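Engineer: Residue numbers (this note's numbering): 255 to 378. Even for Gly, the Cβ is constructed at its ideal location relative to N, Cα and C. Here the structure is a predicted model, which is why all the values come from computation and not from measurement. Let me begin by handing over the structure; questions about it come next.
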Ligand SMILES: CC(C)(COP(=O)(O)OP(=O)(O)OC[C@H]1O[C@@H](n2cnc3c(N)ncnc32)[C@H](O)[C@@H]1OP(=O)(O)O)[C@@H](O)C(=O)NCCC(=O)NCCS
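Structure, rendered in structure tokens:
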């Protein structure tokens, strides 16, 4: 399962102007906010969560809220994520992958989720 999302970095800048310190808390947990040192990184994180929800096929929803997706950085600064246990179990997920890029005012994220339970019929 694959998901992609594009976010304009200025959207984060404006969100911060409007909501101050609470802006990032609308979609990031405190540990994630600590990692999002720039608006570009925060925009990448926003795109990442939307991309993950698209890979699941459900979008950000009652089934999959922003806090059901947790973002991290490894020792080499590569992003990765985990999901709430109910999502891992519902989709029998076996592996997760995430890539983020930003340039020229935009951030893009691509998420790949592997599982043993298909979300749709594969034959015709
Ligand atoms: C990691 C690298 C590919 C990022 O590419 P980039 O064009 O600089 O930047 P992008 O906007 O495409 O990507 C940035 C995002 O990549 C992700 N990223 C960073 N390090 C990563 C890694 N080791 N593996 C995977 N993804 C990584 C992060 O999400 C980062 O976003 P952030 O800065 O907001 O945390 C690049 O920095 C690199 O190869 N560095 C090592 C080589 C190098 O520094 N060469 C310079 C001298 S030639």
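Does the Cβ-Cβ distance between residue 259 and residue 305 come in under 9 Å?
Structural biologist: Stepping through the chain shown from its first residue, residue 259 is reached at position 5. Stepping through the chain shown from its first residue, residue 305 is reached at position 51. Result yes, Cβ atoms of residue 259 and residue 305 sit closer than 9 Å.
Engineer: Do the stretch 361-372 and the stretch 304-321 meet, that is, are 3 or more Cβ pairs less than 8 Å apart?
Structural biologist: yes
Engineer: Look at the alpha carbon of residue 292 and the alpha carbon of residue 330, and state the distance between them as a whole number of angstroms.
Structural biologist: Counting from one through the chain shown, the residue named residue 292 turns up at place 38. Counting from one through the chain shown, the residue named residue 330 turns up at place 76. Going by the C-alpha atoms only, they are around 17 Å apart.
Engineer: At the level of alpha carbons, what is the spacing between residue 341 and residue 265?
Structural biologist: Position 87 of the chain shown, counting from 1, holds the residue named residue 341. Position 11 of the chain shown, counting from 1, holds the residue named residue 265. If you take the alpha carbons of residue 341 and residue 265, they lie about 28 Å apart.
Engineer: Of the residues 280, 296, 257 and 285, which one's Cα is nearest the Cα of residue 361?
Structural biologist: Position 107 of the chain shown holds residue 361. Taking residue 361 as reference, the option from 280, 296, 257 and 285 with the minimal CA-CA separation is 296.
Engineer: How about residue 295: is its Cβ closer than 8 Å to a heavy atom in ligand 1?
Structural biologist: What you label residue 295 is simply residue 41 of the chain shown in a count that begins at 1. Yes.
Engineer: Take residue 287 and list the residues in its own chain whose beta-carbon comes closer than 6 Å to its own, dropping the five residues that flank it on each side.
Structural biologist: In the chain shown, residue 287 corresponds to position 33, counting from 1. Within the same chain, Cβ atoms closer than 6 Å to the Cβ of residue 287 are found at 278, the five residues on either side in sequence being excluded.
Engineer: What are the start and end residues of the alpha helix (DSSP H) that includes residue 273?
Structural biologist: Translated into the one-based positions of the chain shown, residue 273 becomes position 19. Unbroken alpha helix (DSSP H) run through residue 273: 263-273.
Engineer: Tell me where the alpha helix (DSSP H) around residue 281 begins and ends.
Structural biologist: The count along the chain shown starts at 1 and reaches residue 281 at position 27. Counting along the chain, residue 281 falls outside any alpha helix (DSSP H), and DSSP gives it neither H nor E.
Engineer: Residue 333: buried (16+ other C-beta within 10 angstroms of its C-beta) or exposed?
Structural biologist: As a first step, residue 333 is located in the chain shown; it is residue number 79 there, counting from the start. Under this definition residue 333 is a buried residue.
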